[in-house]
Amino acid sequence: MFAYIVRRLVLMLVTLIGISIIIFVLLRVVPGNIVDILFDAAGFVDPTDKANLEKELGLNLPIYQQYLNWIGGLLHGDLGYSYVSEKPALQEILPRIPITARLAALALLFSASIGIPLGVLSAVHQGSRLDYTLRVVSLSGLSLPSFWLGLLILMASVSLFGHMPIYNPNPATWTEAFAIYAVPAMAVGFRSAALTMRITRSSMLEILRQDYIRTARAKGASEASVNYRHALKNAILPVITVIGIEAAFLIGGLIVTETVFNIPGVARFLVEALRWRDYPIVQNLVMLIAVVVVVANFTVDMLYAAIDPRIRYGD
Amino acid sequence: MTETRTEDTVLDVKNLQTVFFTNSGLFRAVDDVSFSVRRGETLAIVGESGCGKSVTALSVMRLVPDPPGRVVGGSVTLEGTDLLGLDEAEMRNIRGNRISMIFQEPMTSLNPVMRIGDQITEVLRLHREMTSKETWAKAVEMLRLVRIPEPERRAQEYPHQLSGGMRQRAMIAMALACRPALLIADEPTTALDVTIQAQILALIVDLQKTLGTGLILITHDLGVVAQTAQRVIVMYAGKKVEEATVEDLFENPRHPYTRGLMASMPAVISFGAKTDARLTEIPGMVPSLTNLPPGCAFAPRCSLAVDRCRAEYPPLQETGGDHFAACWRATEMVAAP
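Here the protein sequences come in this chain order: C and P. Each residue of the first sequence is one higher than the one before, counting from 1 in our numbering. Each residue of the second sequence is one higher than the one before, counting from 1001 in our numbering.
Listed below in structure tokens is the structure:
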């Protein structure tokens, strides 16, 4: 087990190095850098000014040199400076992380706490009106883009309450804080909840047919115990996989949701930085997301072993 | 129909009817079946696959999946309580407590993500007021009772760490943990190796004697019946076609189907004897339960069938000495070779 974990950690490192190279090269393949953008906006410019600025930002160096500079900095905890704000990238990124992390955690919590129980309910009452209703609602969850759902929620809140939740870095009350984060989290988590529900349902249907479910009933276990204690614990593995994958997808969903709800989180910041070709910000943010995804995958695999005694990672 | 209920009777089933509603129509999986089991007695239910043996057992447990199945008639009386009249919560108190069941597939009948010990303590937690320490000790004691070596360690293990025979022992430990009045064993040895089969069977019979449990043994193996049971009922196409004591049934089978079953049992041929004797088989197949013939369901496969067999269903009649058979020609069979 220990050897397995070490090997996984090494693999994670290799993956991250691969991602860093890909993102670094891709960014520079995209035409135009920040200097081009700035000087295009200014109209006529002196080419020597442009060359000076490029030199100042280090953009004139060969690409491998630039890469090594970045990685070297990363290893020392130096993320470079934002081209746009000229502040250290770390200072720009760090305060935005908790905002997005809260949104993502709430969205995942929402999708698990809604999706799993509804999936169980749907499977247990297979073919009932409740089952059909839940399946239709979940289908809509899969088909509605989160930005559109976000807009609908905003419009509904305006027409119902006369105002909409506006982001406030220092919410005065708990209810305000809840409204600020929960509404966008639901908009982005609806899709994950729908997916989680559908996977839970199909997995439960499979498990409820197993012999050991009949054994549990023959012991005199209650329906609740049969469904949750016996069936769900067996049915949860594919659900965990899906939630793990959704955790990665969530970042994509958050980019639009943060924009729609005007929340100054990491995801929206990434899009802005990309527009300005703010290389240090984009590179480091993508690396951050990559770390989150890789860690999520690792956590899912570890959870597998924790839940199912038949899964043991050998050497 | 059989003997009247006495103080000793654990289970009394009368005119049980279980039907299934399917797309191809309604079929009677159990049709008017009656039997009773006394304390410490073993009743074998014999028949081919699909004859209604397992559904009979599930009907007694009230575990027939509904939909599509439902018990529509008759009575099931356990120690004086009519089980069909109980509500679901009362029935849960009976299951695992007064009646237990062992299933055919030990490989899949235990929950793969729960420790063996936890699966046994669950029955005790559900039906007995015991602390978790007591239930665990009792679980280990039960594992020892079913002769699992190192029961303390095995209780900590998961089903996949145990062999098939060991898992069936664990199932037996679970089934007997609450000292039920009745144990239903549905083909408990079918999925096991032959050598293990004999051990498990011996264990069940031994524990049944020690604990005084009534036992319903469902099997298609007449060899098993001969070794373990006192009474036998033979089922065919959802109906009871013959009932007798074991000795009587083997000595003097009255129903042509029972005779067919016995003839299709391989006998050990002694060394040097003629070996060209072919094993007899019953011609044809079990009829589809959705499309039963009007008369005796066995008539299409029966070499003795007459016109009356194809027209009218023969009632279950006593053919002498506590021996019942549902065959128009049963009395002739007494004389027949």
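By construction, the Cβ of each residue, glycine as well, lies at the ideal position given by its N, Cα and C atoms. Remember, predicted model here, so these are calculated numbers, not experimental data.
The Cβ-Cβ distance between H1220 (chain P) and T1258 (chain P) does not fall below 9 angstroms.
Within the stretch 1203-1228 of chain P, the beta strand (DSSP E) runs of at least 3 residues that lie entirely inside it are, in chain order, 1214-1219. Using a CB distance below 7 angstroms, the part of the stretch 217-241 of chain C facing chain P consists of R217, A218, K219, G220, A221, S222, H230, K233 and N234, ordered along the chain. Counting C-beta atoms within 10 angstroms of its own C-beta, F269 (chain C) has 16 or more neighbours from the protein chains shown and is therefore classed as buried. Taken in chain order, the unbroken stretches of alpha helix (DSSP H) that lie wholly in the stretch 253-299 of chain C and span 4 residues or more are 266-275. Between the stretch 193-208 of chain C and the stretch 1157-1164 of chain P there are fewer than three C-beta pairs closer than 8 angstroms, too few to call the two in contact. Close CB contacts of P1293 (chain P) within its chain, under the 8 angstroms cut and outside five residues either way in sequence, are with P1287, A1299, P1300 and R1310 (chain order).
Put simply, of P:L1289, P:T1290, P:S1264 and P:A1297 the residue whose alpha carbon is nearest the alpha carbon of E1281 (chain P) is P:S1264. For F161 (chain C), the uninterrupted alpha helix (DSSP H) segment begins and ends at S146 to F161. Under the rule that a run must span 3 or more residues, the beta strand (DSSP E) segments found entirely inside the stretch 1095-1138 of chain P read 1099-1102.
About 4 angstroms separates the Cβ atoms of V1225 (chain P) and A1044 (chain P), confirming a contact at the 8 angstroms cut-off. Nearest Cα to G32 (chain C) within the set C:L274, C:R217 and C:L109: C:L274. The three-state reading of DSSP puts A1185 (chain P) in strand, counting E and B together.
Distance between R1144 (chain P) and P1151 (chain P), taken at the CA atoms: about 6 angstroms. Shown here for A1177 (chain P): same chain residues with a beta carbon closer than 6 angstroms to its own, the five before and five after excluded, namely I1120, V1123, L1124 and M1142 in chain order. Using a CB distance cut-off of 9 angstroms, F1103 (chain P) counts as an interface residue toward chain C.
Here L74 (chain C) carries a helix assignment [DSSP, helix/strand/coil]. In the DSSP assignment, E1312 (chain P) falls outside any alpha helix (DSSP H), carrying neither H nor E. Around Q210 (chain C), the beta-carbon contacts reaching into chain P at under 8 angstroms are T1108. Taking a cut-off of 8 angstroms for Cβ pairs, the stretch 1127-1141 of chain P and the stretch 243-255 of chain C do not touch, as fewer than three such pairs fall below it. Boundaries of the beta strand (DSSP E) harbouring V1013 (chain P): T1009 to T1022, taken from the DSSP string.
For S138 (chain C), no beta strand (DSSP E) segment is defined; the enclosing uninterrupted segment is the alpha helix (DSSP H) at R129 to S143.
Per the C-alpha coordinates, the member of C:P309, C:Y304 and C:F298 positioned closest to R7 (chain C) is C:F298.
Under the three-state reduction of DSSP, I180 (chain C) is assigned to helix.
Buried is the label assigned to V286 (chain C), since at least 16 other Cβ atoms lie within 10 Å of its Cβ. Going by beta carbons, P238 (chain C) and P1112 (chain P) fall outside the 9 angstroms limit.
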